[in-house]
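One structure is given below, encoded as C-alpha cells.
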Amino acid sequence: MQPTPDPAASAVLAVVFLPFVAAALVPLVYRALGERTAYYAAAVALACFGLVASQYGTHGTVSFPWIPSLGVSVSFYVDGLSLLVGFLASGVGVLILTYSGGYMHGEPGQPKYYAALLAFMGSMLGVAFAADLIALFVFWELTSLSSFILIGHYQRQKSSQYAARKSMLITVSGGLFMLVGFLLLHAVTGEFSIVYMLENPELVQEELRQAGLFLPVLGLIGVGAAAKSAQVPLHIWLPNAMEAPTPVSAFLHSATMVKAGVYLLGRFRPVLVSHEWELAFAILGLTTMTVAAILAVGATDIKELLAYSTASHLGLIVAGFGFVSDLGGETGAFHIINHATFKAALFLVAGIIAHEAGTRKIENLGGLSEDLPITAGITAVAALGMAGVPPFNGFYSKELLFEAAWEAAAHAGGLAWLYPAVAVFGSVFTFLYSIRFLMLFFGEKPTGLHKVHSPPKAMLAPPLLLGILAALVSLGGVLGTFGFHFEPFDHFVTEVWASTVAPDADLHGGFSYHVPTHLTPAAAMSAVTIVLGAAAYPFYGRLHRGVNRLTDVNLLRANWYYDSTVFGANDFSDTVAETVQNGLLRTYATWALATVAALTLAGYAASGVTLPEFALAEGMTLPIVLVLLIAIVGAVAVSIAPSHISGVLTLSILGFMVAVFYVLASAPDLALTQLVVETLTLVIFLLVLDRLPAFYGNAGRGKMIRDGALSAVVGATVFVTVLVSTAATPADGIAEEFVNRAVPEGGGGNIVNVILVDFRAFDTMGEISVVAMAALSVLTLVAMRERGETQ
Amino acid sequence: MSTVIARTVTRTVVPIILVTAVALLLQGHNLPGGGFIGGVLTVTAFALIYIIYGLNYLEEELLHQNREVLIESIQHGIVGNYQLAFGLGLAVAAVAGLVPLLFGGNFLLQDYWVLHHLPVYGELHVASALAFDLGVYFVVVGALLTILAVVGTE
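Chains as they are written, first to last, in the numbering used here: chain A, 14 to 804; chain B, 11 to 164.
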C-alpha cells in the first residue's frame with residue numbers, strides 16, 4: 014500500500030470532544046430553541062461527520078501531551094476500522110437526530126434526551142479513535158452510562174427501569190471483564206498503547222502465550238465484546254432495551270453501541286487471531302446468529318423482532334471476524350456497513366409504523382403499503398438485504414460468511430462442517446423473519462387498523478437516505494458483475510478490512526464484490542437458504558407458536574437465569590443487611606471487629622509473616638514490670654466491673670499506668686499527652702454515663718462467650734500487629750537522624766515537637782484537619798438526629 | 011455534683027491549669043509540651059468549670075455570651091464560638107504554612123531566630139513553628155470543646 018498522510022491532530026481531537034461540549038450546552042440551547050434542539054444536535058453530528066470525513070484516507074496516531082512530566086498523553090488512532098465506526102456514529106447520528114425532531118414531538122425530558130444522545134455519540138467516537146487501552150475502556154463505559162440514561166428515558170415506567178438496569182448491569186460488567194483483560198495485556202507487554210500492539214501483533218501474541226495468559230486475555234476481551242454486542246447468552250438486554258424511544262433503538266442498538274463489541278473484536282483481531290480465536294468466536298457468532306434468528310421468529314412486536322435480528326446479525330459479524338482466513342475479516346468489515354444501513358433504516362421504519370399506526374404488534378399490522386408507499390419501498394430494499402436475497406446488500410456479506418465457513422470447514426474437516434451447516438440453518442430463519450417484516454406492508458389490512466397517516470418529512474428523510482445507501486451498495490454488486498466497481502467504496506472496505514488483519518497480510522488486490530456468475534459452494538448455500546426459507550414461509554405461524562412454546566420453558570430462557578440471579582441477589586443482600594445492620598450498636602461493633610480481625614490475620618497468614626522473636630527481659634526494670642502488672646489488674650477489673658461508672662474508673666487505671674510507663678521509658682511528651690487525654694476522656698465518659706442506666710443489660714451466656722472470644726481475637730490481632738510492625742524497624746534508626754538535625758535545623762530541643770511542627774508539619778496539618786472534621790461530624794450527627802430525619 | 015470544696019478547688023485550680031497550658035504551648039519547641047498537649051489541657055480546665063458550674067455559668071457569667079442558637083438541638087450558642095475556634099486554628103496553621111512561600115521557601119518551611127541580651131530572659135529562641143503550633147492549639151481546643159459541649163448537653 015502506498016504511504017498515507019497522517020491525520021490532523023486538531024480534527025481528531027475536535028471530533029471526540031465536540032459532542033461532549035455540545036451536550037453540556039443542550040440545556041441552554043433548549044431554552045432558546047425548544048423542540049428545534051434536535052436540529053442543533055443534528056448539526057453537531059453533521060460537523061462531526063465532516064471532521065471524520067476530512068480524515069478519510071489518513072492513517073496514523075495523533076498524540077497530545079497531557080501530563081508531560083509523567084509521560085502521560087492522550088492519543089488517538091486513525092485507520093479504516095476507526096473511520097468506519099466514526100462514520101457510523103456521526104453519520105447515523107445526523108439522521109437519528111433529525112428524525113428525533115419529528116418523533117420526539119411533545120415528548121417529556123427532551124433536554125436530557127438530546128444531551129444524552131450527544132454524549133453517547135461522543136463516547137462512541139472516543140471508542141472508535143482511542144489509541145490507549147485505558148481511554149478505550151473509559152469511553153466504552155461511557156457509552157454504557159449514556160445508553161443507560163437513554164434506555165431509561167421514560168424513567169417512571171417500571172419496564173424502562175428494568176430494561177435500563179439490565180443493559181447497564183450486563184454491558185458495564187462486561188466492560189469490567191474487558192478491563193481485566195486489558196490490565197493483563199499491559200502486565201505482559203508493559204504497554205497501554207493499542208498502536209504498539211497493532212504494530213507488533215506476533216510479538217505480543219508470543220509474549221502472551223509465554224506468560225500463559227493468551228487464553229485468559231482472549232476470554233476476557235471476548236466477554237466484554239459479547240456483552241456489548243449482545244452475543245448469546247448475554248443477548249437478553251437487547252430486546253428489553255427496546256423500551257427506549259425508537260430513534261435511540263435505531264442509533265444505539267443497530268448502528269453504534271452494539272457495534273462497539275464487534276469493533277473491539279476487529280481491533281484486536283490482528284493481535285489475537287489464532288486457532289483458539291476461531292474456535293471461540295466462530296462458534297459464539299454462529300450460535301448467536303442462529304439462536305437470535307429463531308427468537309426473532311418468535312417475536313410478536315416489530316421492535317422486538319428487529320432487536321433479535323440485530324443480535325443475530327451481530328452474531329454473523331462476530332462469526333466473520335472469528336474465521337481466521339482473510340475472508341473472515343472481509344465478512345466482518347463489509348457486513349458492519351450493510352447491517353448499519355439496512356437495520357437503522359428498518360428501525361426508523363418501525364418507528365414510523367408505531368407512530369402512525371399506533372401499534373407495534375405484528376398481528377395487528379398488515380397492508381401498510383397503500384398508505385405508506387415510500388416507507389414500503391424503503392422496507393423492501395432493507396428487508397430483502399437483511400434476508401440476504403440477491404442482489405440486495407446483505408446478500409454479498411452473507412456470501413462472504415458462507416465462503417469463509419466453507420473454507421474453514423474444508424480446511425479443518427470433521428466437526429468443522431458444522432460451521433457451514435449452522436450458518437445455513439440460521440440464515441433460513443433470518444430469511445423467514447425478514448420476509449415476515451416485509452409482509453407488514455402487503456396482504457390484507459387487519460380489521461381495527463384505520464387509515465395510517467404519512468409521517469412528517471423529518472421522519473421520512475432519514476430512513477429514505479439509509480434505504481438509498483443500501484440500494485446503492487446493492488447496485489454496486491450488480492454493476493460489479495459487469496466489471497464496473499464503485500472504486501472509493503471498495504477502497505474504503507479494503508481499508509477497514511486491512512485494519513482487521515496483520516499488517517503484512519495479503520489482501521488479494523483489495524475488496525470487490527459482485528453477484529456470483531457460476532456455481533460456488535457459497536452460492537449453492539445461498540440458494541439452499543432461500544429455497545428452504547421460501548418453502549417454510551407458509552408455516553410461519555406454526556413456527557412462531559413453536560418458538561414461543563419453547564421459550565416458555567424457564568430453563569431454556571437466559572432471561573430466567575438473569576432474573577433469578579438478580580432478584581436472588583436482592584433478597585440475599587436484604588437478609589445480610591438485616592443480620593449485619595440490625596440497628597444495635599453491639600451488632601455493628603461485633604461484625605466490624607470480627608471482619609477487621611479476620612482480614613488482618615488472614616493477610617498475615619497469606620503473606621506468610623512469621624512472628625519475630627522478642628525477649629521480655631530487654632529493657633525491663635522492676636518499676637516498669639510493676640506498672641504493667643497494675644495495668645493488667647486494671648484491665649481485668651474493667652471486664653468484671655459491676656457498673657458503668659466503676660468500669661470507666663478502672664479503665665482509667667489502665668490509661669494512667671500506661672502514662673507512668675511512658676515516664677519510666679523516658680518519653681515525657683507522650684506521658685504528658687496520655688495523662689491529659691486520659692483525664693479528659695474520663696470526664697467525657699462520666700458526663701455521658703450520668704444519663705445511662707447504671708446496669709448492664711442481661712446478655713445471655715452464649716452472647717457473653719461470643720463477645721469474650723471476639724475480644725480475645727481482637728486482642729491477639731492487635732498484639733500480633735504490634736509485634737510484626739515493630740519488627741520491621743530498620744537497623745539504623747531514623748531517630749538518630751532526627752536527633753542530629755533537630756537543633757541545628759529546627760531550632761528546638763524537643764525532638765517530638767520539632768518532628769511534629771518542622772519535619773512533618775504537613776502530616777500534622779492533616780491530623781488537625783481530621784480533628785476538626787471529627788468535631789464537625791459530632792455536631793452534624795447530633796443535630797441531624799434531633800431533627801428527626803428518620804424517613 | 012458541686013460541693014463547696016469542689017467549687018473552691020476549681021476556682022483555684024483552673025487558672026493554674028490555664029497558665030500551665032499556655033506554658034506548655036510556648037515551651038513546646040524545646041521542652042515537653044506543644045500545641046496538642048496545651049490544647050487538651052486547656053480543655054480540661056473548661057471541662058472542670060463545666061462539670062462543677064455547668065455550661066450556662068460558663069457561657070453567661072464568665073464569658074458574657076448570649077448568642078443566638080444555630081442548631082436547635084444544641085442549646086448553647088457558645089458552640090458557635092468553639093466552631094469558630096477550630097476554623098480559626100486551621101486558618102492560622104494554613105497561613106503559617108503559606109507565609110514561607112512569600113520568601114521563596116516551600117510550603118510549611120519553618121525557621122527560627124535567637125534573640126540575645128533580652129531583659130529578664132537573656133537569650134530567647136523564637137521559632138516560626140510557634141505560629142503553626144498555635145493553629146494546632148486552637149483546632150484542638152475548638153474541636154474538643156465542641157464535642158464536650160455537644161455530648162455534655164445530650
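Where a beta carbon is used, it is the ideal one built from N, C-alpha and C, also for glycine.
These numbers come from a predicted model, not from an experiment.
Look at Ala137 (chain B) here: in three-state DSSP terms it is strand. Straight through space, the alpha carbons of Leu662 (chain A) and Pro655 (chain A) are spaced by roughly 12 angstroms.
In this structure, the beta-carbon distance from Leu477 (chain A) to Ile366 (chain A) does not fall below 9 angstroms. Within 8 angstroms of the CB of Pro681 (chain A), the CB atoms of chain B belong to Pro42, in sequence order along the chain. When C-beta atoms of the region 105-122 of chain B are compared with those of the region 764-778 of chain A, three or more pairs fall below 8 angstroms, so the two segments count as touching. At a cut-off of 9 angstroms between beta-carbon atoms, Gly114 (chain B) makes no contact with chain A. Note: Gly73 (chain A) is bridge-paired with A:Val91 in the DSSP secondary-structure output. Put simply, the CB of Thr22 (chain B) is far from chain A, with every gap to its CB atoms at 9 angstroms or more.
Look at Asp19 (chain A): its C-beta is not under 9 angstroms from any C-beta on chain B.
Here Pro18 (chain A) carries a coil assignment [DSSP, helix/strand/coil]. CA-CA distance, Ala650 (chain A) to Leu612 (chain A), rounds to 30 angstroms. Pro78 (chain A) sits in a strand when the DSSP states are folded into three classes. Between Trp250 (chain A) and Thr323 (chain A) a beta carbon distance of about 12 angstroms is seen, past the 8 angstroms cut, so the two are scored as non-contacting. When secondary structure is reduced to three states using DSSP, Tyr122 (chain B) falls in the strand class. In the three-state scheme derived from DSSP, where H, G and I count as helix and E and B as strand, Ala547 (chain A) is classed as helix. The beta carbon of Leu723 (chain A) sits closer than 7 angstroms to the beta carbons of Thr603, Leu606, Ala607 from its chain, once the five residues preceding and following it are set aside; these are given in chain order. For a Cβ distance threshold of 9 angstroms, nothing in chain A lies close to Gly90 (chain B): the least Cβ distance comes to about 10 angstroms. Taking the Cβ atoms as the reference, Val98 (chain A) lies roughly 23 angstroms from Tyr321 (chain A), outside the contact range of under 8 angstroms.
Contacts with chain B at 9 angstroms (Cβ-Cβ) include Ser782 (chain A). Residue state for Ser525 (chain A) is assigned as coil, using DSSP reduced to three classes. Three or more beta-carbon pairs separated by less than 8 angstroms link the region 436-449 of chain A to the region 297-310 of chain A, which places the two stretches in contact.
With a threshold of 9 angstroms between beta carbons, Gly64 (chain B) makes no contact with chain A.
Taking a C-beta distance under 9 angstroms as the contact criterion, Thr202 (chain A) and Ser325 (chain A) do not qualify as a contact pair. Counting C-beta pairs closer than 8 angstroms gives fewer than three between the region 329-344 of chain A and the region 457-475 of chain A, which falls short of the contact rule. Annotated as distal: Thr259 (chain A) and Met134 (chain A), with beta-carbon spacing of 9 angstroms or more. Straight across, the Cα-Cα distance linking Val34 (chain A) with Gly64 (chain B) is about 60 angstroms.
Taking a C-beta distance under 9 angstroms as the contact criterion, Ala31 (chain B) and Met778 (chain A) do not qualify as a contact pair. Within the region 250-330 of chain A, the complete alpha helix (DSSP H) runs of at least 4 residues fall at 250-253, 259-263, 270-285, 288-310. Arg178 (chain A): member of the alpha helix (DSSP H) spanning 171-202, first to last residue.
Under the DSSP assignment, Ile375 (chain A) falls outside any alpha helix (DSSP H); it carries neither an H nor an E label. Shown here, His463 (chain A) sits in coil according to DSSP, grouped into three states, outside any helix or strand. Cα atoms of Gln37 (chain B) and Leu688 (chain A): separation of roughly 18 angstroms, rounded to the nearest angstrom. Taking 9 angstroms as the cut-off, the Cβ atoms of Ile59 (chain B) and Thr20 (chain B) count as close. Pairwise C-beta distances place the region 114-134 of chain A in contact with the region 149-161 of chain A, as three or more of them are shorter than 8 angstroms.
Using a CB distance cut-off of 9 angstroms, Phe775 (chain A) counts as an interface residue toward chain B. By the CB criterion at 9 angstroms, Ile658 (chain A) and Leu702 (chain A) fall inside the cutoff.
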